[in-house]
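In what follows, a structure is listed as structure tokens, so that the remarks can point back to it.
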Amino acid sequence: MISYTTIGCTNFEQSKKFFDATLGALNYAMLHDYSEHGTVAYGDPNQAEQANATKLWIMKTPFNGESASAGNGAMVGLVAHTRAQVDAFHAAALANGGRCDGPPGLRENYGPNMYLAYVRDPMGNKFSAICTAAI
Numbered sequence: 003m004i005s006y007t008t009i010g011c012t013n014f015e016q017s018k019k020f021f022d023a024t025l026g027a028l029n030y031a032m033l034h035d036y037s038e039h040g041t042v043a044y045g046d047p048n049q050a051e052q053a054n055a056t057k058l059w060i061m062k063t064p065f066n067g068e069s070a071s072a073g074n075g076a077m078v079g080l081v082a083h084t085r086a087q088v089d090a091f092h093a094a095a096l097a098n099g100g101r102c103d104g105p106p107g108l109r110e111n112y113g114p115n116m117y118l119a120y121v122r123d124p125m126g127n128k129f130s131a132i133c134t135a136a137i
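First residue of the sequence shown: 3, per the working numbering; consecutive thereafter.
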């Protein structure tokens with residue numbers, strides 16, 4: 003359903019470091035690097051050539067030219083294939099300028115195998131990594 007999501011940032015290099023680490027923990031990679039313009043995109047490298055591959059774009063200057071800010075009430079949920087990836091995502095977030103918004107663990111009130119963690123990036127945007135595998 004979703005083609006892409008765009009997240010603004012005020013410190014492009016810090017955000018790039020954060021997303022390289024946290025998305026790398028989920029086996030996602032930078033697919034487009036327009037750093038000279040303050041924009042990069044991440045996604046699944048195995049689907050990079052597909053026209054409908056979902057991407058997460060990080061940009062220094064939003065299209066309207068105004069300052070970037072965190073979206074109140076917005077959250078991006080990222081697919082993790084293992085619980086270990088959720089743990090690694092959370093650890094990478096904390097080690098790279100992010101903060102915990104919910105530690106890794108089962109959230110059985112969402113379903114019997116919902117293992118996830120919530121983090122905020124350096125800008126305050128909220129992300130989760132979600133594994134639904136029965137492990």
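C-beta: ideal position from N, C-alpha, C; glycine also.
Residues bridged to residue 88 [DSSP beta-bridge criterion]: For the purposes of this step, residue 88 is taken as residue 86 along the sequence shown, with counting starting at 1. DSSP, once it has assigned bridges, lists no residue as partnering residue 88.
Does the distance from the CB of residue 129 to the CB of residue 28 come in under 8 Å? Mapped onto the sequence shown, residue 129 falls at position 127. Mapped onto the sequence shown, residue 28 falls at position 26. Between residue 129 and residue 28, the gap from beta carbon to beta carbon reaches 8 Å or more.
May I ask you to report which of helix, strand or coil DSSP gives residue 53? The residue you call residue 53 lines up with position 51 of the sequence shown. Coil, per DSSP.
Using DSSP's beta-bridge definition, name the partner residues of residue 36. Along the sequence shown, read from residue 1 onward, the residue named residue 36 stands at position 34. Its beta-bridge partners are 41.
For a test of the three-state rule: what should DSSP assign to residue 65, helix, strand or coil? The residue given as residue 65 occupies position 63 in the sequence shown. Residue state, collapsed to three classes: coil.
N-terminal and C-terminal residue of the beta strand (DSSP E) that residue 180 is part of: Beyond the ends of the chain as shown, which are 3 and 137, falls residue 180; an answer cannot be given.
What first and last residue would you give for the beta strand (DSSP E) that runs through residue 23? Taking the sequence shown and counting its residues from 1, one reaches residue 23 at position 21. Not the beta strand (DSSP E): residue 23 falls in the alpha helix (DSSP H), residues 14-26.
Beta carbon of residue 24 nearer than 8 Å to that of residue 59: On the sequence shown, residue 24 is found 22 positions in, with the first residue counted as 1. On the sequence shown, residue 59 is found 57 positions in, with the first residue counted as 1. Contact: no.
Backbone secondary structure at residue 97 - three-state DSSP: Residue 97 sits at position 95 when you count from the first residue of the sequence shown. When secondary structure is reduced to three states using DSSP, residue 97 falls in the helix class.
If residue 120 sits next to residue 108, beta carbons under 8 Å apart, how far is it from one beta carbon to the other, in whole angstroms? As a working note, residue 120 is residue 118 in the sequence shown. As a working note, residue 108 is residue 106 in the sequence shown. Wrong, their Cβ atoms sit about 13 Å apart, outside the cutoff.
Counting along the chain, where does the beta strand (DSSP E) carrying residue 131 start and finish? For the purposes of this step, residue 131 is taken as residue 129 along the sequence shown, with counting starting at 1. Unbroken beta strand (DSSP E) run through residue 131: 128-133.
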